[in-house]
Amino acid sequence: MTLIWGGLALGAIYAIVAIGYNIVFISSKTFNFAHAQLTMVGAFVAYTGLVTWDLPTPVVLVMAAAAVALIAAVEERIAIRPVGDMHNILVTTLGASILLDGAAQLTWGSQPLTVPFFAGDDAISLLGGRAYPVELFLIAIAVLLVVGLGIYARRSLTGLALLAMAEDREAALLRGVNVRRLAFTAFVAAGALAGFVGLFVGSKTFAVSTLGAALALKGFVVLAIGGFGSMPGTLVGGAMVGLAEAYASRYLGGEYANLAVFVILVTILMVRPAGLFVRTKERVV
Amino acid sequence: MAALPLARRVAGGPLWVVPLALGIVLILVPHFDLEYSIVRQLQLAMILSLLVSGLNLSLGYAGELALGQVAMYAAGAYTAGMLSQRGHTDILLQLAAAGLAALLVGIVTGIPGLRLGSWSLAMTSFFLVLLLPDVLAIFREDTGGRNGLTGILSPTLFGRMLTPEDYFMVIAVVTVAWFAVMRNIAVSRHGTALRVLKKSPVLASSMGINVFRMKLLAYALGAVPAGLAGALFASLDLYISPEAFSFTVATTILAASVLGGSASVYGAIFGAFVLQFGLNQSTDFQRYSLVVTGAFLILGGVLLTGGLSGLARALWRRLTIPADPAAPADSAGAAGRSARPDDVPAVPGKVLRVEGVTKAFGGNQALKGVDLTASPGRVTALIGPNGSGKTTLLNMICGFYRTDAGVIALDDRQLQRMRPDRVARTGVARTFQTPNIPEGITVREAVMAGRYSGHRVSVLEAVLRLPRYRRVRRADLAEADRVLDLVGIRHLEDAEATALPLGQRRLLEVARCLISNPGVLLLDETASGLDEDEVERLAEVIRRVRDAGGTVVLVEHNFQLVLSLADEIVALAHGELMARGTPEEIQNDERVMSEYLGVDLDAPASARVVLADVAPPQEGAGR
């Protein structure tokens, strides 16, 4: 059970990254390669706030969210808005992710930094296993995000506009939805979310400049399993990836963890290329 | 301006002479007595350019971002290194084995990666790079794990030990040879087909190209130079470790590709040399390399869509292409020449049968049992208000949608279960409402692409320029001339296809369909947006195709054009057949009048007479 808690917590991190991908994907049909790096920057900012400046946790959470939202806003303006087609966006957001990796390395060095967690580091017994508080928080955040965003999308006007935009951008535009501003807002909101969870993620994984690349990949695998745009899919995908990774490294050895995830990815792509929770749409000319 | 005539003269000769000369200079570098550090940088730059060139095939030509070049590079390097450890030091053997190993990695990882479209290949191949140290650690017995592979022996060629100078020449020869191969692929019909694919998978499959297989071809073929580069690298330092295959290398390759221009052959060399010599020099840069590479990719993606080679090409064009005024004179001559209807050879049309075709999208019943027959030598027009199911029907015939029920057949072959590319190969050719024409190719090439799937030539035959390739190429050229004459834009065959005005792009699409000798020609709102002259020209082309025995299905809103062209008109409404008959019958059909043309039948008779002259029905109804 200890292993399961650990795996689920890891999966929750990947799911949270995948949720970020999804918010951007739903609102602008683009894939922000750099989203995982935004989470990584959130973890670093949390470290600086908590350790270097010794600020209280709530302040640090707000600070990280604001800082990363700002970075996301800048990224949208320089790496996404001016770019016409999707292939180039892939290149420019990849560029943004590499740039963030490099900037993080220059600012915070390449040694892993421990981000302290406010609820302590003492493991608690739960359902026959031991789990750290941060792990339970991560799982709770992932679930709450999916439920909350689901309700938000259906109940609020902005949420409905987002869904309308995802369905048909032009139709939404004609209906008076400011598509560009909404997409921008969603992008920045995804950034704020990434910054906010950085503290929790960093507490579990350390803040380190290679975190972004690993999160980016696993987050993508989660999306591939759950299906692009599916929020509940991220939870299932996250659980699968996290558990597979935990079990593989426990029973086969550390070098098999990534390999196990890769095997899952390849299997999913071969068997259900659109993911488990998305129905394939027919192509339109 | 003195450069002008010279540039034009050079452009007149075979252009590959220039890179070949540079290649020979490169091979002879060991005789120039250069400093060791420069020689080494040159070697690394050549290896990098091989890697970049492989990426260009998938990113620039097929339009798929892949980051896995590094994994294939590693596959090649470790294959060669392990062979060498075991005493197989012949460099040719190592190159062959490394190329094969890389190709294998390419095929195995490309198959799942290409299933989901653009992001999934980028991610699976990125994943591959991340997995590399793990895989090497798992097989540490053979690979040395994180400590690297040692004990690689000096390379030999036919039993002779290679000196460093010899080895430099080996690298240079391999590089030059690969770029010759790459160039031959890029300018062949396969290069054009890849550009079609990059432009639009829908277009590619409607031209009979199997999208998945084509993408896999580009990605797997791009693995070969990476494998070669790996083998060359292994025998260069006689030591390899996982660090040489890190993600940083992957981003350097990508940056070099974007810098040089992904959709070019020689841009790879340029990008690789700039990055190798310019940026990787100072240790200061090493610290900032990620930041710089990242910033560069953003900038490159935003500004330099064609890379530096794109800029160079634009400049070259300005130098070599004579000023415009000559064009109109040509066009007059060509129009006169192509006006002779007797040089139109027979177009062997087939019978298209649609019976009881039904289609629902969720709760929306788009088609409810539609029948239609289009015969050779006749123009069958499909009309109806927006949302009546015309385009849906067209897409079902082409295989883009699955039928819920009903039969679609061309002569005796049923099409309704086929994938779009097979439907196209069976003989269905179509045009698009918005002309769909790939970038960076001439009108002639764009039209020739229509023969890609009907008259096959393997990549190997194209690379080696074997007789069959030459034969098909000659036929491609002759046929392109013929169909371009037929539609009357032959005088434009050397112009850039996407630069044509709308009317001529429409005609180009028709020509591209005709060159494949289609059993049926589907024209999707071909006349919309054209001026009167262009519509008349288009009508003339359609008449010629019909008179030559072609089967033409015309989806059209221009009622006047439909009346003047069609032998039979089928009118749809709400997914059902509303009326069918000759133009006269349809013109007097009450339902067509009220539902499609929006004419009030109770209005005074004079109003209805006027209507026949009002061409686009929507406008008529709006006033």
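Protein sequence lines, in the order shown, are assigned to chains A and B.
Heads up: the first sequence runs through residues 43 to 327, numbered per the numbering used here.
Heads up: the second sequence runs through residues 608 to 1230, numbered per the numbering used here.
Where a beta carbon is used, it is the ideal one built from N, C-alpha and C, also for glycine.
Note that the structure is a prediction, hence the values are computed from the model and not measured.
If you measure beta-carbon to beta-carbon, which residues of the stretch 722 to 739 of chain B are closer than 7 Å to chain A? Arg722, Leu723, Ser725, Trp726, Ser727, Ala729, Met730, Thr731, Phe733, Phe734, Leu737 and Leu738
Compare the C-beta of asparagine 300 (chain A) with all C-beta atoms of chain B and state if any pair is closer than 8 Å. Yes, because at least one Cβ of chain B sits closer than 8 Å to the Cβ of asparagine 300 (chain A).
Run through DSSP, which three-state label would leucine 651 (chain B) get? Residue state, collapsed to three classes: helix.
Between which two residues does the beta strand (DSSP E) carrying asparagine 971 (chain B) extend? 971 to 981
What would DSSP say about glutamate 177 (chain A), mapped onto helix, strand or coil? helix
Taking all protein chains shown into account, decide if isoleucine 140 (chain A) is buried (16 or more other Cβ within 10 angstroms of its Cβ) or exposed. buried
Return the residues of the stretch 281 to 292 of chain A that lie within a Cβ-Cβ distance of less than 8 Å from chain B, sorted by chain order. none
Taking a Cβ distance cut-off of 8 Å, strictly less, list which residues of the stretch 220 to 236 of chain A are near chain B, in chain order. none
Strictly under 8 Å for the Cβ-Cβ distance: is leucine 259 (chain A) near chain B by that measure? yes
Between glycine 91 (chain A) and alanine 109 (chain A), what straight-line distance do the alpha-carbon atoms span, to the nearest angstrom? 11 Å
Quick one: using the 10 Å Cβ neighbour count with 16 as the cut-off for buried, is methionine 679 (chain B) buried or exposed? With 16 or more other Cβ atoms within 10 Å, it is buried.
Considering only DSSP beta bridges, list what aspartate 1299 (chain B) is partnered with. Not covered by the structure: residue 1299 (chain B). The range shown for chain B is 608 to 1230.
Please list the terminal residues of the continuous alpha helix (DSSP H) segment that includes phenylalanine 854 (chain B). 854 to 867
Work out the CA separation of glycine 233 (chain A) and valine 102 (chain A) for me, nearest whole Å. 15 Å
Could you compute how far the alpha carbon of alanine 85 (chain A) sits from the alpha carbon of alanine 106 (chain A)? 8 Å
Specify whether the stretch 1111 to 1125 of chain B and the stretch 1037 to 1054 of chain B touch according to this definition: at least 3 beta carbon pairs, one from each stretch, less than 8 Å apart. yes
Quick one: does phenylalanine 73 (chain A) have its CB under 8 Å from some CB of chain B? yes
Quick one: measure Cβ to Cβ for leucine 1022 (chain B) and isoleucine 1004 (chain B), integer angstroms, because I've assumed they're closer than 8 Å. 7 Å
Taking the beta carbon of glycine 49 (chain A) as the centre, do at least 16 other beta carbons fall within 10 Å, making it buried, or is it exposed? buried
Under 8 Å by Cβ, that's how I've got glutamate 118 (chain A) and phenylalanine 226 (chain A) pegged, so tell me the actual separation to the nearest angstrom. Confirmed, Cβ separation roughly 6 Å.
I need the DSSP call for lysine 260 (chain A), collapsed to helix, strand or coil. Lysine 260 (chain A) sits in a helix when the DSSP states are folded into three classes.
Measure from the C-beta of isoleucine 745 (chain B) to each C-beta in chain A and report whether the shortest distance is under 8 Å. yes
Strictly under 8 Å for the Cβ-Cβ distance: is tyrosine 680 (chain B) near chain A by that measure? no
Leaving out the 5 sequence neighbours to the left and right, which residues in its chain are closer than 6 Å to asparagine 663 (chain B) when beta-carbon positions are compared? Excluding five sequence positions before and after asparagine 663 (chain B), the CB atoms of its chain that fall closer than 6 Å to its own CB belong to Ser864, Ser869 and Ala875, given in chain order.
Would tyrosine 643 (chain B) be called buried (16 or more neighbouring beta carbons within 10 Å of its own) or exposed? exposed
In chain A, which residues lie with their C-beta within 8 Å of the C-beta of arginine 894 (chain B)? Leu148
Roughly how many angstroms separate the alpha carbons of alanine 54 (chain A) and glycine 244 (chain A), rounded to a whole number? Straight across, the Cα-Cα distance linking alanine 54 (chain A) with glycine 244 (chain A) is about 13 Å.
What is the DSSP secondary structure of aspartate 1011 (chain B), counted as helix, strand or coil? coil
Starting from the C-beta of asparagine 791 (chain B), find all residues in its chain whose C-beta is less than 7 Å away, skip the five residues before and the five after it, and write them out in chain order. Correct list, in chain order: Ala1069, Val1070 and Arg1072.
For the alpha helix (DSSP H) that contains glutamate 772 (chain B), what are its first and last residues? In the DSSP assignment, glutamate 772 (chain B) falls within the alpha helix (DSSP H) that extends over 771 to 794.
Which bits of chain A does threonine 858 (chain B) rub up against, with CB to CB less than 7 Å? Ile140
Quick one, are the C-beta atoms of glycine 268 (chain A) and valine 278 (chain A) less than 8 Å apart? yes
Any C-beta of chain A under 8 Å from that of proline 935 (chain B): Model confidence at proline 935 (chain B) stands at a pLDDT of 40, short of 50, so the residue's coordinates are unreliable; what they give is reported in the following sentence. Answer no: the Cβ-Cβ gap between proline 935 (chain B) and chain A never drops below 8 Å.
Cβ of isoleucine 905 (chain B) within 8 Å of any chain A Cβ: yes
Using C-beta distances below 6 Å, list every residue in its chain close to leucine 1137 (chain B), excluding the 5 sequence neighbours before and after it, in chain order. Gly1110
For glutamate 1192 (chain B), count neighbouring C-beta atoms within 10 Å of its own C-beta (all shown protein chains included) and say buried if the count is 16 or more, exposed if not. Exposed, since its Cβ has fewer than 16 Cβ neighbours within 10 Å.
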